[in-house]
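Per numbering that gives the first Met the number 0: the sequence shown = residues 0 to 248. All C-beta atoms in this analysis are idealised placements derived from N, C-alpha and C, irrespective of residue type, glycine included. Note that the coordinates shown come from a computational prediction; the quantities given were computed from them, not determined experimentally. Only one structure is covered here, and it is reproduced in the block below.
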Amino acid sequence: MDSRELIIQQSEYNKARYIPNLSVDSVIFGFEQNELKVLLLKTDYKKLWLLPGGYVEFSEDLNDAVARVLKERVGISGVYLEEFGVFGRKDRSQSFFDEFDETLFHKQRFITLGFYALYNSLTLNPIPDKFSETCGWVYLSQLPEIELAMDHREIIEKALMTLREKISIKPIGYNLLPEKFTLPELQKLYEAILGKELNRGNFYRKIKNLGILKRLDEQRRGGAHKAPDLYSFDEEHYNAALKNGLNNW
Numbered sequence: 000m001d002s003r004e005l006i007i008q009q010s011e012y013n014k015a016r017y018i019p020n021l022s023v024d025s026v027i028f029g030f031e032q033n034e035l036k037v038l039l040l041k042t043d044y045k046k047l048w049l050l051p052g053g054y055v056e057f058s059e060d061l062n063d064a065v066a067r068v069l070k071e072r073v074g075i076s077g078v079y080l081e082e083f084g085v086f087g088r089k090d091r092s093q094s095f096f097d098e099f100d101e102t103l104f105h106k107q108r109f110i111t112l113g114f115y116a117l118y119n120s121l122t123l124n125p126i127p128d129k130f131s132e133t134c135g136w137v138y139l140s141q142l143p144e145i146e147l148a149m150d151h152r153e154i155i156e157k158a159l160m161t162l163r164e165k166i167s168i169k170p171i172g173y174n175l176l177p178e179k180f181t182l183p184e185l186q187k188l189y190e191a192i193l194g195k196e197l198n199r200g201n202f203y204r205k206i207k208n209l210g211i212l213k214r215l216d217e218q219r220r221g222g223a224h225k226a227p228d229l230y231s232f233d234e235e236h237y238n239a240a241l242k243n244g245l246n247n248w
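And the structure:
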């Protein structure tokens with residue numbers, strides 16, 4: 000069965016199962032080689048890249064729908080996501096399915112809720128669904144070179160903007176860095192998110208004053224220079240900062 004026939008077949012199933020005109024899309028950020036990346040699917044239909052998204056069942060809570068869609072589309076679970084935006088341009092979904100007639104479920108006007116998450120990409124093993132030829136991580140620097148479906152470029156940009164806004168009031172890094180890391184590695188993460196270089200001395204002083212780090216009695220070996228100290232996040236203080244916000248940042 001080719002991709003077009005599969006979509007038509009799925010349409011009838013969707014009409015009986017899902018709320019019309021409502022969808023969800025998830026932006027999963029990872030961090031590697033000092034760059035942010037995002038988890039994407041490449042569709043069999045039209046060979047375009049898109050975010051892992053889907054629909055909400057009639058009897059389903061919204062958060063449960065987001066978790067289920069991620070499991071079905073890319074085979075991952077246990078991801079904590081936060082809602083960050085609503086996207087409702089009038090032709091955002093219709094134009095993608097332009098070769099189908101108006102009865103297709105997917106071709107109706109859909110308003111989508113955007114969710115984002117930050118995760119260490121090495122801990123996730125994405126698996127493409129039956130509608131996709133592949134799924135994987137794409138660096139944000141590579142996004143201009145690929146064609147994204149619908150308004151998914153706009154959704155990613157909005158998620159990144161939200162992340163940049165939150166970085167000044169919430170701690171960042173727990174799900175993106177390995178358990179043990181150096182201060183230069185943490186600074187590179189902040190620079191990747193903010194899209195600019197930070198003064199090393201100011202960053203080190205501020206991040207230490209937050210009280211969310213634990214200095215370990217270990218160093219990162221193997222470099223040409225003096226081995227830097229290793230740190231981990233103080234889970235109790237980190238969670239408190241997530242709940243109450245950051246002071247002195």
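Host alpha helix (DSSP H) of residue i (start-end)
i, result
"K213", "No alpha helix (DSSP H) holds K213; the beta strand (DSSP E) holding it covers L212 to Q218."
"S10", "S2 to R16"
"Y237", "E234 to N243"
"T161", "H151 to K165"
"K46", "No alpha helix (DSSP H) holds K46; DSSP gives it neither H nor E."
"A148", "Neither: A148 is in no alpha helix (DSSP H) and is coded neither H nor E."
Distance CB(residue i)-CB(residue j) smaller than 7 Å
i, j, result
"W48", "L147", "yes"
"D233", "Q218", "no"
"T133", "K207", "no"
"A116", "I27", "yes"
"S231", "E178", "yes"
"Y173", "Y237", "yes"
Expected contact under 8 Å - CB spacing of residue i and residue j to nearest Å
i, j, result
"K157", "F83", "7 Å"
"F96", "L21", "F96 to L21, Cβ: 17 Å. No contact."
"I192", "R152", "At roughly 18 Å, the Cβ-Cβ gap does not stay under 8 Å, so I192 and R152 are not in contact."
Residue i burial status per 10 Å Cβ neighbour count (16 or more: buried)
i, result
"P19", "exposed"
"K106", "buried"
"L112", "buried"
"V68", "buried"
"I211", "buried"
Residue interval of the beta strand (DSSP E) (run including residue i)
i, result
"F95", "First-last for F95: undefined, no H or E at that position."
"V68", "Premise fails: V68 lies in the alpha helix (DSSP H), L61 to V73, not in any beta strand (DSSP E)."
Contact with chain D by residue i, beta-carbon distance below 7 Å
i, result
"Y237", "Absent from the structure: chain D. Only one protein chain is present."
Validate contact between the segment 165-184 and the segment 64-74 using beta carbons, cut 8 Å, 3 pairs: At 8 Å Cβ cutoff, the stretches do not touch.
Contact between the segment 179-193 and the segment 25-35 (3+ Cβ pairs under 8 Å): Contact between the segment 179-193 and the segment 25-35 is present: three or more C-beta pairs spanning the two stretches fall below 8 Å.
Segment contact flag, the segment 52-63 with the segment 130-145, C-beta cutoff 8 Å, min 3 pairs: Contact annotation: the segment 52-63 does not touch the segment 130-145, with fewer than three C-beta pairs closer than 8 Å.
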